[in-house]
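Some notes on the structure that comes next.
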Amino acid sequence: MERHVRTGVVLVRHLHRTRVRPESAERDMAGAGMLEGGWYSTEEVAGLLGVDPSTLRRWRTGRPVQGPPFVPLSARTTLYSAADVEAWLVGRRVDPQVAA
């Protein structure tokens, strides 16, 4: 569990260094500035989340589709927007104070 917490902290710090904010994900999806926010490969996102790349591939191909939003560029290349990854993490966040 400590590993995942530390990975999350590293991811948040990394995403904030790229100046990506969760609220920018909606703007990006509207087409404005989608190329400016930063993009990650499957392997990079897996490293940031602390999971194996095969986990992301399984999430993408399973039914229902899971994981952060992605852009399939070709049969072998899939990209993830930094803003989408951060927004997905924020959406999955559980606050024990609120959940209780």
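So for the sequence shown, the working numbering puts the first residue at 1; every next one is plus one.
A virtual CB, placed ideally from N, CA and C, is assigned to each residue, including glycine.
On a predicted model such as this, the values are computed, not experimentally measured, just so you know.
Are V71 and S81 touching if we call contact CB-CB under 9 Å?
Numbered from its first residue, the sequence shown carries residue 71 at position 71. Numbered from its first residue, the sequence shown carries residue 81 at position 81. Yes; because the gap between Cβ atoms is below 9 Å, this pair is in contact.
Could you name the residues that DSSP lists as bridge partners for S41?
The residue labelled residue 41 in the question sits at position 41 within the sequence shown. Its beta-bridge partners are L79.
Which value, in whole angstroms, describes the spacing of the CA atoms of V45 and R92?
One-based indexing of the sequence shown puts residue 45 at position 45. One-based indexing of the sequence shown puts residue 92 at position 92. Their backbone Cα atoms lie some 16 Å apart in a straight line.
Can you pull the DSSP bridge partners for P64?
As a working mapping, residue 64 is identified with position 64 in the sequence shown. Listed as beta-bridge partners of P64 by DSSP are no residues whatsoever.
How would you label G62, buried or exposed, when you count the other beta carbons within 10 angstroms and need 16 or more for buried?
For the purposes of this step, residue 62 is taken as the residue at position 62 of the sequence shown. Flag for G62 reads exposed.
Rounded to whole angstroms, what's the CA-CA distance from W114 to L79? Just pull it up for me.
Any question about residue 114 goes unanswered here, given that the chain covers just 1 to 100.
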